[in-house]
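The sequence shown begins at 104 in the working numbering and counts up by one.
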Amino acid sequence: LATFGPLPTDLGRSRLIDELQASGLQGRGGAAFPAWRKLAAVDHAKDPRSLADAPVVVANGAEGEPRSAKDATLLAASPHLVIDGLLLAGRAIGAAEFHLVTTAARLPNVSRAVAERADAVAIRVHEVPEAFLSGEASAVIRAIGGGPSLPRDKAMRLSSSGLGGRPTLLHNVETLAQTALIARFGATWFRRLGTESEPGTRLVTVSGGRLAPTVREVVGGMTIASLVEAAGGTTDGLGAVLVGGYHGAWLPATHLRARLTRQELAPFGATPGAGILVLLDSHRCGLRESSAIANYLAEQSARQCGPCANGLPKMAEVLERLARGSRDASLPAEVRRLAALVRGRGSCHHPDGTAQLVLSALTVFASDVDAHLAGGCLADGVLANEVAA
Ligand code: SF4
Numbered sequence: 104l105a106t107f108g109p110l111p112t113d114l115g116r117s118r119l120i121d122e123l124q125a126s127g128l129q130g131r132g133g134a135a136f137p138a139w140r141k142l143a144a145v146d147h148a149k150d151p152r153s154l155a156d157a158p159v160v161v162a163n164g165a166e167g168e169p170r171s172a173k174d175a176t177l178l179a180a181s182p183h184l185v186i187d188g189l190l191l192a193g194r195a196i197g198a199a200e201f202h203l204v205t206t207a208a209r210l211p212n213v214s215r216a217v218a219e220r221a222d223a224v225a226i227r228v229h230e231v232p233e234a235f236l237s238g239e240a241s242a243v244i245r246a247i248g249g250g251p252s253l254p255r256d257k258a259m260r261l262s263s264s265g266l267g268g269r270p271t272l273l274h275n276v277e278t279l280a281q282t283a284l285i286a287r288f289g290a291t292w293f294r295r296l297g298t299e300s301e302p303g304t305r306l307v308t309v310s311g312g313r314l315a316p317t318v319r320e321v322v323g324g325m326t327i328a329s330l331v332e333a334a335g336g337t338t339d340g341l342g343a344v345l346v347g348g349y350h351g352a353w354l355p356a357t358h359l360r361a362r363l364t365r366q367e368l369a370p371f372g373a374t375p376g377a378g379i380l381v382l383l384d385s386h387r388c389g390l391r392e393s394s395a396i397a398n399y400l401a402e403q404s405a406r407q408c409g410p411c412a413n414g415l416p417k418m419a420e421v422l423e424r425l426a427r428g429s430r431d432a433s434l435p436a437e438v439r440r441l442a443a444l445v446r447g448r449g450s451c452h453h454p455d456g457t458a459q460l461v462l463s464a465l466t467v468f469a470s471d472v473d474a475h476l477a478g479g480c481l482a483d484g485v486l487a488n489e490v491a492a
């Protein structure tokens, strides 16, 4: 409050929604859903005559993705901005409950910030484990309700039937922090930076190669190369960059001039996601890296739906055989077959995101696939034709 001043009191429901729509703010949790649309959906679904069914608002700071550190950094540096956004969004939709979810490491700082404010007494802070799926929307709702931090085995539409069956607005903590700034300074202020399709600023986490995990606030629409440099890294010697984290896609080093926008990343199957970039040095094997990630993702699933119980472990196993140097030429096609089988079959996005990562690896590291099938590895400096000779 000392930094940004008091919360605006003249922002009615429709003004906040209108301002968010004009700003073009997209969710920062990964799906990039327009922030205003979630508010409007909950506002539309609520029954103003029923206090028992009054909406719920949730700030999601679970950040289960291991290569992301932006939410933890934000909650450590500016918890009050997140609280501001939570209060403003909740008031706009007439919420009766306010929840903030984070991990053990951030809990004391967040709880202290909530306790400092007279206007935040309604906020309940919850701890969730540091696990890949604990930030998935339905997993957050289950955890708040006293259940496990795992996605529900049935798809749910939070805007109409979330926590306790009530209309629920769940936003990533960075989205709420941006909401608080837009509420104070307006959509025009937000759009003074960034591009038409990626307005404003966003937080990114860059790690890998020789770079320790680094969080930066950057202008929307920057190139991947300039983001790497802004984080203190270099594109020299890079083989590829994983964009969007473990549910993202690989971008070859030849395309680092692509911007962090949906349009420019679409040809690679990537999206800006939660602003995660993982650098891969050219001397490291992209297949082995991808195999390690696929194994991790297969282990993280709740195994309550068919694709996670059977498909992901099998797909990870076949990819690992390829990565370890099996010369069975049927392996790439088998990975693709399994990826097609799991896609669209889970209750949540986990099988789809994992399949996307694996398919992207087969495409971007196609030369490595050939080298492995020939008994070599480009990362070891042993080329397929050398082995064949
Ligand atoms: S798809 Fe996988 S992670 Fe998602 S709910 Fe089903 S078992 Fe759990």
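From the three backbone atoms N, C-alpha and C, an ideal C-beta is built for every residue, glycine too.
One question on the structure: do residue i and residue j come within less than 7 angstroms of each other, judged by their Cβ atoms?
i: Leu572; j: Arg446; result: Here the chain covers residues 104 to 492 and nothing more, so residue 572 does not appear.
i: Leu306; j: Glu277; result: yes
i: Pro254; j: Cys411; result: no
i: Leu341; j: Leu382; result: yes
i: Val318; j: Ala135; result: no
i: Ile244; j: Leu210; result: no
i: Ala397; j: Phe371; result: no
i: Ile196; j: Asp146; result: yes
i: Pro270; j: Ala216; result: no
i: Gly324; j: Thr291; result: no
i: Asp471; j: Gly347; result: no
i: Ala377; j: Gly127; result: no
i: Leu434; j: Gly414; result: no
i: Val228; j: Leu261; result: no
i: Ala148; j: Ala199; result: no
i: Val160; j: Gly193; result: yes
i: Glu423; j: Ser385; result: no
i: Thr374; j: Leu380; result: no
i: Leu314; j: Gly289; result: no
Need the endpoints of the beta strand (DSSP E) that residue i sits in, please.
i: Asn212; result: It is not in any beta strand (DSSP E) - Asn212 instead sits in the alpha helix (DSSP H) that spans 210-218.
i: Thr205; result: 200-205
i: Val438; result: No beta strand (DSSP E) contains Val438, which is instead part of the alpha helix (DSSP H) from 434-445.
i: Asp384; result: 379-384
i: Arg319; result: 314-322
i: Leu73; result: Lying before the first or after the last residue shown, residue 73 is absent from the chain, which here runs from 104 to 492.
i: His475; result: It is not in any beta strand (DSSP E) - His475 instead sits in the alpha helix (DSSP H) that spans 469-476.
i: His229; result: 226-230
i: Ala343; result: 341-346
i: Leu272; result: 271-275
Hey, out of the options, whose CA is closest to residue i's CA?
i: Thr205; options: Ser252, Asp455, Arg287; result: Ser252
i: Arg360; options: Glu299, Ala343, Tyr349, His350; result: Ala343
i: Thr466; options: Arg439, Leu481, Val159; result: Arg439
i: Leu142; options: Leu272, Ser404, Val321; result: Leu272
i: Val322; options: Gly303, Thr457, Ala199; result: Gly303
i: Ala419; options: Asp384, Ala180, Ala464; result: Ala464
i: Leu425; options: Gly479, Gly409, Thr457, Gln459; result: Gly479
i: Arg131; options: Ala192, His274, Gly193, Ala443; result: His274
i: Ser310; options: Ser264, Ala334, Asp150, Glu320; result: Ala334
i: Ala144; options: Ser153, Ala155, Gln124; result: Gln124
i: Thr403; options: Ala198, Arg118, Pro137, Ala242; result: Correcting the residue identity first, residue 403 is Gln in this sequence and not Thr. Considering only alpha carbons, the answer is Ala242.
i: Gly409; options: Leu460, Glu320, Ala442; result: Ala442
i: Ala286; options: Leu481, Ala474, Leu114; result: Leu114
i: Pro416; options: His453, Val231, Pro355, Ser153; result: His453
i: Pro137; options: Ala328, Gly449, Ala199, Ser300; result: Ser300
i: Val421; options: Arg391, Arg448, Leu203, Gly449; result: Arg391
i: Ala436; options: Val461, Ala207, Gly312; result: Val461
i: Arg362; options: Glu423, Glu219, Thr298; result: Thr298
i: Ala246; options: Pro109, Val231, Met259; result: Val231
i: Arg118; options: Gln129, Ser153, Ser264, Leu191; result: Leu191
i: Ala469; options: Pro111, Pro355, Glu233; result: Pro355
i: Asp222; options: Pro111, Phe293, Ala432; result: Pro111
i: Arg406; options: Ala474, Arg448, Arg387, Phe201; result: Arg448
i: Arg170; options: Gly312, Leu481, Ala218, Ala482; result: Gly312
i: Ile120; options: Gly249, Asp174, Arg140; result: Arg140
i: Ala175; options: Ala207, Glu332, Glu122, Leu481; result: Ala207
i: Leu481; options: Gly428, Thr457, Gly248; result: Gly428
For the alpha helix (DSSP H) holding residue i, just list the boundary residues, first then last.
i: Ser393; result: 389-403
i: Pro182; result: 182-196
i: His147; result: 138-148
i: Leu306; result: Taken as a continuous stretch (DSSP letters only), Leu306 belongs to no alpha helix (DSSP H), being part of the beta strand (DSSP E) at 304-311.
i: Pro355; result: Looking at the DSSP string, Pro355 is not in any alpha helix (DSSP H); the run it does join, the beta strand (DSSP E), is 352-355.
i: Ala494; result: Beyond the ends of the chain as shown, which are 104 and 492, falls residue 494; an answer cannot be given.
Could you tell me whether any Cβ in chain C is nearer than 7 angstroms to the Cβ of residue i?
i: Arg305; result: The structure shown contains no chain C, having only a single protein chain.
The stretch 162-178 touching the stretch 227-244, judged by at least three CB pairs closer than 8 angstroms:
yes
Is there contact here, the stretch 270-287 with the stretch 186-196, by at least three beta-carbon pairs under 8 angstroms?
yes
Quick one: residues with CB closer than 5 angstroms to any heavy atom of ligand 1, in chain order, please.
Pro254, Ser404, Ala405, Gln407, Cys408, Cys411, Gly449, Ser450, Cys451, His453
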